[in-house]
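Working notes for the structure below.
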Amino acid sequence: QVQLVESGGGLVQPGGSLRLSCAASGTIFSILTMAWYRQAPGKQRDLVASITSGGGTNVADSVKGRFTISGDHAKTILYLQMNSLKPEDTAVYYCNKNPPAYPWGQGTQVTVSS
246 QVQLVESGGG LVQPGGSLRL SCAASGTIFS ILTMAWYRQA PGKQRDLVAS
296 ITSGGGTNVA DSVKGRFTIS GDHAKTILYL QMNSLKPEDT AVYYCNKNPP
346 AYPWGQGTQV TVSS
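Here the sequence shown is numbered in the numbering used here, starting from 246 and rising by one per residue.
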């Protein structure tokens with residue numbers, strides 16, 4: 246059974262930065278085709294950024310230029326560097342395949358507020 250564990254969230258002021266991490270257990274884990282999603286209260290879960298099968302990256306227009314997805318192949322950890330955070334980035338952030346293929350983890354809460 247695959248288990249995804251997200252970490253690195255917290256409370257940050259607008260304009261601040263956070264780096265999220267995602268680790269997986271229970272499987273041979275590749276960061277290729279992995280992605281970050283987020284879900285704000287009362288809203289659907291949306292795709293934020295992903296790593297393609299070729300190792301390229303895609304990010305949603307709403308975070309373009311501010312968020313960067315990357316991964317450590319050796320440690321099989323997925324990262325999301327978030328800069329210039331805005332209040333509208335407040336959400337629970339999750340990692341999974343794109344499209345989702347594993348059970349969802351507990352996510353990590355990101356709150357952007359002054």
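Ideal Cβ placement from N, Cα and C applies to all residues, glycine included. Source: prediction; values computed, not measured.
Taking C-alpha positions only, V293 is separated from R311 by approximately 11 Å. Residue burial is scored here from C-beta neighbours: S358 has fewer than 16 other C-beta atoms within 10 angstroms and is therefore classed as exposed.
Closest in C-alpha terms to T278, from the list G260, P344 and V304, comes P344. The three-state reading of DSSP puts V308 in helix, counting H, G and I together. Within the same chain, Cβ atoms closer than 7 Å to the Cβ of A336 are found at R283, Q284, A285 and V355, the five residues on either side in sequence being excluded. Residue pairing of Q354 in beta bridges, as defined by DSSP: V337.
Ranking G352, Q258 and T302 by CA distance to the CA of T313 puts T302 first. Assignment of beta-bridge partners to V257 by DSSP yields V357. Residue pairing from DSSP places G316 in a beta bridge opposite L323. Closest option to I296, judged by alpha-carbon separation, among I276, D306 and P332: I276.
Per the C-alpha coordinates, the member of C340, Y324 and K309 positioned closest to L330 is K309.
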